[in-house]
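Right, one structure below, let's go through it.
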Amino acid sequence: MIHFVLIINRQRKLRLTKWYSPYSQKERTKVIREISELMLRRHHKMCNFFEWGGLKVVYRRYTGLFFCMCIDPDDNELETQEVIHQYVRILDRYFGKVCELDLIYDFHKAYFILDELVIAGELQESNRRTVVRRIFAQVSLSLDIHISHSLVDAAKEEGPGSVDGITIPFKIIIYLKLQN
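Reminder that position 97 of the sequence shown reads as 97 in UniProt numbering, one-by-one numbering, no gaps.
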């Protein structure tokens, strides 16, 4: 089981956290401080996992970011590294070449992608293509909703029928009538 996911930069600034086990705010702060210190002190030629507090911490460094997952002691470290790598590949696919600024400004999308990959501390979907398909389906759905709301707003101003030569779907006209 994955207990938590952390993404930390080289300056020890936290960029993303996801907790799957109950920790108080005080414990979370302590955990983040300890793990970031241990990760950043390790030489780059050392292995990418270590024991910490009866658990295992598995991490991978990508440019200036450390992607870290804390797992049970009997879980497979290499499998967890592969989960981290899959997450980064999916982020790359979504953002182009993912960078720290993507995680800062579009953090909600990074959380959404992580939630498509891992639920309740367990790997939900290991197939990268399936996850990417779901993500783009969600983006398409949110764009459809945004466009529908824009048409509804425009139709409220100009009245039902057509807006700037665009025929408004019957469902939107009914929606407008129900709103009045």
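Glycine included, every Cβ here is placed at the ideal spot set by N, Cα and C.
In this text the structure is predicted, and so the values were computed from the model without any measurement.
Check                                                                                                                          : Outcome
Entirely enclosed beta strand (DSSP E) segments - the UniProt domain "AP complex mu/sigma subunit" (1-135), minimum 3 residues : 2-9, 14-19, 49-52, 55-62 and 65-71
Nearest-angstrom Cβ-Cβ length linking T80 and V58, presumed shorter than 8 Å                                                   : 4 Å
Contacting residues, own chain, Cβ-Cβ under 6 Å from M39 (five flanking each side not counted)                                 : Y59 and F66
V163 in three-state terms, based on DSSP                                                                                       : Below a pLDDT of 50, predicted positions are generally treated as unreliable, and V163, at 47, falls in that range; the measurement from the model is reported next regardless. Strand at V163.
Inter-residue Cα distance where the pair is S142 and R28                                                                       : 33 Å
Distance, R42 Cα to R33 Cα                                                                                                     : 15 Å
Selection from L14, S24 and R129 that minimises the alpha carbon distance to G64                                               : L14
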